[in-house]
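A short write-up of the structure that comes next.
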Amino acid sequence: MDRPIGIFDSGVGGLTVLDSLRKQLPQENLIYIGDNLHCPYGNKTKEQLLSYTKQICQYFISKNVKMIVLACNTTSANVLNELQILFPNVPIVGVINSTVHDFLVQDKKNVLVIATHATIQSHKYKEMIEKYNQSIHVFELETPQLVPLIESGEYKKGIYSVLNDYLSVYKNDIDSLILGCTHYPIVLNQIMEVLGDKTYISSSHAISQEVYSYLKVHNQLNTCSKKALIQIYTTGDVHDFIYSSSDFFDFTNLEVKHLIL
Ligand code: DGL
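In structure tokens, the structure reads:
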């Protein structure tokens, strides 16, 4: 039960999921990998994504994890099934199922999904939403400039004009927005300045609930009273990683280490 949970993303975006997991499951030992060496994932091919994520899963398995969480929509949309087949002995979950579920219970009619190129091209969100409810109109939009602006820390200066160029044309047509990339909650306040009063859905809360339910049902919640250990790694530069994320993620008592896979 005290085996860790492995969580990964292409960079700092998945920290939005890690943050939610550490709040909802404070007893759990967590290992996070930001694969900054290969970031962004959004413009990569399926083969590339599979090769990067295979290595990450192999690393997690060598650390004896009890579960792997793809804190990344791009890999959830493109390689989740393949990873589940390659590593059948460890449960692997992506963020899209739970995010769609979270959206559907809101009972909205016109939604815009913003995500990376690879996520939008997979049409996973659109297909899944329409499978459950054909009367919902799903707009899809690639927003490839956002991840580099977030990873570089540029977003801190304000990226209103970029967001306005992407989003303002949808303002009157939608009642909800799915942030289909785990990096996007980092700029949620700036997105809200453009779109105003809408229902905003992101992946972090829903996936934490799913992880909690899975562990509970399988009797794998950590009941050990020892303080939980959170390990954070980046395959890129440690200082860059901390610079781009310390405004939204609290690193108190945590160390970020470099990892070579
Ligand atoms: N944060 C990831 C996602 O949810 C990856 C973004 C990227 O690296 O392009 O899609």
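Residue numbers (the numbering used here): 11 to 271.
For glycine and all other residues, C-beta sits at the position ideal for the given N, C-alpha and C.
inquiry  = Please determine whether the Cβ atom of histidine 133 lies at a distance below 7 Å from any heavy atom of the ligand DGL.
reply    = no
ask   = If you check the beta carbons only, do isoleucine 124 and threonine 153 fall under 8 Å apart?
value = yes
ask   = So, is asparagine 199 buried or exposed, given that buried needs 16 or more other C-beta atoms within 10 angstroms?
value = exposed
ask   = What residue from Lys136, Leu151, Glu150 has the CA that sits closest to glutamine 144's CA?
value = Lys136
request  = Indicate whether the contact test is met: 3 or more Cβ pairs, each with one atom in the segment 239 to 256 and one in the segment 14 to 23, closer than 8 Å.
outcome  = yes
ask   = Considering only residues of the same chain and omitting the five flanking positions on each side of serine 108, which have a CB-CB separation below 6 Å?
value = Ala216, Ile217, Glu220
query = What's the gap between the Cα of lysine 267 and the Cα of aspartate 247?
reply = 9 Å
ask   = Under a three-way DSSP split, which group does leucine 226 fall into?
value = Checking the sequence, you will find lysine at residue 226 rather than leucine. It is helical.
query = Just reading off the beta strand (DSSP E) that phenylalanine 149 is part of, what are its end residues?
reply = 147 to 152
query = Taking contact to mean at least 3 C-beta pairs separated by less than 8 Å, is the segment 183 to 194 in contact with the segment 111 to 127?
reply = yes
request  = Assign leucine 239 to one of two classes, buried (16 or more other C-beta atoms within 10 Å of its C-beta) or exposed (fewer than that).
outcome  = exposed
query = What whole-angstrom Cβ distance do threonine 126 and tyrosine 210 have, given they're in contact under 8 Å?
reply = Contact flag wrong, Cβ pair sits at about 18 Å.
ask   = So what does DSSP say about tyrosine 51, is it helix, strand or coil?
value = coil
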